[in-house]
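Protein chains in written order, with this note's numbering: chain C, 1 to 260; chain V, 261 to 423.
All residues carry an ideal CB built from backbone N, CA and C; glycine is no exception.
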Amino acid sequence: MLGAFQRLGRAALDMLRKLGRANLFLLHVVTGLPTILKRFRLLIAQMYSVGVLSVLIVAVSGLFVGMVLSLQGYYVLSGFGAEQTLGVMVAASLVRELGPVVTALLFSGRAGSALTAEIGLMKATEQLSGMEMMAVDPLKRIIAPRFFAGLLSMPLLASLFSMVGVMGGYFVGVGLLGVDDGAFWSQMQAKIDLREDILNGVIKSWVFGVIVTWIAVFEGYDTVPTSEGVSRSTTRSVVYSALAVLGWDFVLTALMFGED
Amino acid sequence: MLQSRALEIWVGLFVAIGLVALFFLAMTVSNLSDLDTDEGYRIIARFENSGSLKVRSPVSIAGVRIGRVRKIWFDEDKYQAVVEMNIESQYNKLPIDTSASILTAGLLGEQYVGLKSGGADEYLKDGEEIELTQSAIVLEEVIGRFLFSKAEGAGDEGKKKQE
């Protein structure tokens, strides 16, 4: 009986400790910002592996998500004779929700897992300890550029996703299903607000960028330095990212769009 | 690892594509073009019932949108809804006897303020009030009234038959 409580208590304490480590870690990484500004190359190199290499998967997914949205939306809306509002439906759901969320999920699978595995392996092969021995702070030299690269890439990727999605929706809605071209765009422009919808979408994707990259680099840095440990950290990185993104999406949506 | 020049070009392209996407969303998807809600002049109108009119609902005359609703509040002295509208400054020739009514776009569409110009020689200026207004039509009330009159008619017929 007491043993069960002890295990529960230990699990809770372990979780709290990990949370504390993660927060101190984040603080330390953020103080690495001046180092990055001085050595901009590091950031550019990471922007390439985190951002540029994710463009293809994000763009292709965006295209298909937009096309499917348009197809399904048409099916429902034509029942009310309201096909004209297809553009609003596609654009609003992409810009507000699907753009940031799906991009974050893809991003954690494509870039987050790679970050975790890379950093975890660096730790397992004692490269990080080696750097410390040379008085180079690995948090500033290795982690910070990756973290900020993720932070900058996410909003760009999410915007790309939404744009390609709207294009895909346009292609299916107007090109294949015969919705009126003018109504598609004009209804969209009448209903989608720059601040309310697009800016909030960008803020959302930025928050998701912070969450996903933070989890990815922390799981890598905090890994058990064995091959099994790295493999577990990589899995955890993707799973935690997905759960955190979906959970925070609810909170952010309630805060941003909940009032009216 | 790529050569650093190629790498920088790729990153530059990536950032450019991202910014273009954002720009595209801002320009073609959203209503950036009519965001400047504080330009122009303001007029107010009082309604018995403002229906489901909202801030940023369109204000149009002859089917052309010339402004947006800026603020809606309740006047506790007169028990009326006061609607403040922002009219774009190029439309500065609305006669003072212009009338305003709250209309619905289509059967289920959103509500907007429809203006109808009068014939006066003087024009509405900033902060002035539209005197002639017509409230929003609340569908429930109309249906209620219709059913009530039907029932009344049926009741009268019933009475006649009994007699």
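Between the beta-carbon of Ala92(C) and that of Lys191(C) there is about 7 Å, and that keeps the pair under the 8 Å contact cut. Contacts between Phe284(V) and chain C, judged by CB atoms closer than 7 Å, involve Met163 in chain order. Within the region 330-375 of chain V, the complete beta strand (DSSP E) segments at least 3 residues long are 340-347 and 359-364, listed from N- to C-terminus. C-alpha of Thr234(C) to C-alpha of Thr223(C): approximately 9 Å in a straight line.
Straight-line measurement puts the Cα of Glu336(V) at about 19 Å from the Cα of Ser312(V).
A Cβ-Cβ separation of about 5 Å places Ile332(V) in contact with Val343(V) under the 8 Å criterion.
If you ignore the 5 residues before and after Ser153(C), its C-beta comes within less than 6 Å of the C-beta of Val50 and Gly51, all in its own chain and listed in chain order.
For Ile192(C), a Cβ of chain V is located within less than 8 Å of the residue's own Cβ. Distance from the CA of Lys419(V) to the CA of Gly413(V), rounded to the nearest whole angstrom, comes to 10 Å.
Leu354(V) does not reach chain C, its nearest Cβ partner there being about 23 Å away, counting only Cβ pairs nearer than 7 Å. Between the alpha carbons of Lys123(C) and Gly66(C) lies a gap of roughly 41 Å. Within its own chain, the residues whose Cβ lies closer than 6 Å to the Cβ of Pro138(C), once the five positions on either side in sequence are excluded, are Leu128 and Met131, listed in chain order. Nearest in C-alpha terms to Asp197(C), of all of Val329(V), Val271(V), Met287(V) and Trp270(V), is Met287(V). Ala117(C) and Gly220(C) have their C-alpha atoms spaced approximately 6 Å apart. Chain V has no Cβ within less than 8 Å of the Cβ of Met67(C). Contact between Gly87(C) and Met188(C) holds: their C-beta atoms lie close to 4 Å from each other, under 8 Å. Taking a C-beta distance under 8 Å as the contact criterion, Ile211(C) and Val29(C) do not qualify as a contact pair. Here the C-alpha atom of Gly182(C) lies approximately 43 Å from the C-alpha atom of Leu43(C). Taking a cut-off of 8 Å for Cβ pairs, the region 66-78 of chain C and the region 161-181 of chain C touch, as three or more such pairs fall below it. Judged by DSSP secondary structure, Gln394(V) falls within the beta strand (DSSP E) whose first and last residues are Leu392 to Gln394. Here the alpha carbon of Gly272(V) sits roughly 13 Å from the alpha carbon of Ala149(C).
For the region 14-48 of chain C, residues whose beta-carbon sits nearer than 8 Å to a beta-carbon of chain V comprise Arg41, Ile44, Ala45, Met47 and Tyr48. Residues of chain C with a Cβ closer than 8 Å to the Cβ of Leu267(V) are, in chain order, Ile44, Ala45 and Tyr48. With fewer than 16 neighbouring CB atoms inside 10 Å of its own CB, Pro34(C) falls in the exposed class.
Here Val324(V) carries a strand assignment [DSSP, helix/strand/coil].
Listed along chain V, the residues sitting closer than 8 Å to Leu157(C) by beta-carbon distance are Gly278. Flagged as an interface residue toward chain V: Ala91(C), by a C-beta distance shorter than 8 Å. At a cut-off of 8 Å between C-beta atoms, Phe334(V) does not count as an interface residue with respect to chain C. By the criterion of a C-beta distance shorter than 6 Å, Ile321(V) is surrounded in its chain by Leu375, once the five residues flanking it on both sides are discounted. Rounded to whole angstroms, Gly165(C) and Ser186(C) show a C-alpha spacing of 17 Å. Residue environment for Asn23(C): exposed (fewer than 16 other C-beta atoms within 10 angstroms of its C-beta). Bounds of the alpha helix (DSSP H) holding Ala12(C) are Leu2 to Val30. The C-beta of Gly323(V) has fewer than 16 other C-beta atoms within 10 Å across all chains shown, which makes the residue exposed. If you ignore the 5 residues before and after Ala305(V), its C-beta comes within less than 6 Å of the C-beta of Val343, Ala360, Ile390 and Thr393, all in its own chain and listed in chain order. In terms of Cα proximity to Ala341(V), the closest of Leu399(V), Leu354(V), Val315(V) and Arg325(V) is Val315(V). Listed as beta-bridge partners of Val319(V) by DSSP are Gly327(V) and Val373(V).
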